[in-house]
Amino acid sequence: MNRCEWVTNDPDYIQYHGEEWGRAVHEDRKLFEMLTLEGAQAGLSWLTILKRREAYREAFDHFRPEMICNYGDEKVAELQRNEGIIRNRLKIRSVITNAGNFLKVQQEFGSFDRYIWQFTGGETIRNHWKHSSEIPVATKESDEMSKDLKRRGFKFVGPTICYAFMQAVGMVDDHTENCFLYHNSSSTRGG
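Residue numbers for the sequence shown follow this note's numbering, so the first one is 41 and each next one is one higher.
Below, the structure is given as structure tokens:
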């Protein structure tokens, strides 16, 4: 079975690629989880984060922003001692900041889903790449998303992180032409 070239033989990577990457996500908590994990990835490999995902879920109250936004210094210190996650203080604090901003976006737009999918017009952008080396690290859409998220106070949301997020939640379908999932991943209109 042919997969995108970036997928290794690691079972977690194979499962993630086959069951998640490029599939449209419209559930707010899952969108917050993926935004958080993509931010945690900055400077690291995705596999490093993927293998810590369950620890992140436990450490950050299953990505419930209404709880996370109330974390204080004691909780930050606890998280910095948690060996199951990336213990970078700036990244930990960014999750707390982003949780509060996430709730503001939900309030303004009715859902984070409605807000975030506007950057692709509510549809998955289906690209046509022969090789993974052709896939950009950022696009006009990820630049616009990054600028708007930063304007709203979000942290660890540069254009490259935003593009990886877009790929992860199916706003962009970057499965290459030789991949068995090329344009087969499920997608629905954002709302």
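Glycine residues also receive a C-beta, built at the ideal position from the N, C-alpha and C atoms.
Beta-carbon gap between residue i and residue j smaller than 8 angstroms
i    : j    : result
G83  : Q207 : no
I132 : I108 : no
R93  : C219 : no
L77  : I89  : yes
C-alpha gap between residue i and residue j, whole angstroms
i    : j    : result
K195 : G79  : 8 angstroms
L130 : S172 : 31 angstroms
V116 : N141 : 18 angstroms
R192 : Y155 : 12 angstroms
Q158 : E184 : 11 angstroms
H215 : F72  : 23 angstroms
Y222 : T48  : 17 angstroms
H66  : D153 : 5 angstroms
T179 : W169 : 14 angstroms
N110 : D101 : 12 angstroms
R97  : V177 : 27 angstroms
A99  : I125 : 8 angstroms
N122 : S134 : 16 angstroms
A64  : C202 : 15 angstroms
F103 : K70  : 8 angstroms
Residue i in three-state terms, based on DSSP
i    : result
D101 : helix
I125 : coil
R229 : Confidence at R229 is low in this model, with a pLDDT of 33, below 50, so the placement of that residue is unreliable and no value is reported for it.
D153 : helix
R43  : coil
I165 : strand
Cβ-based burial, residue i [other Cβ within 10 Å; buried from 16]
i    : result
Q55  : exposed
H57  : buried
G243 : In this structure the chain extends from 41 to 231, so residue 243 is not present and cannot be described.
Q120 : exposed
message: Under 8 angstroms: do the region 157–165 and the region 135–148 share three or more Cβ pairs, one atom per stretch?
response: no
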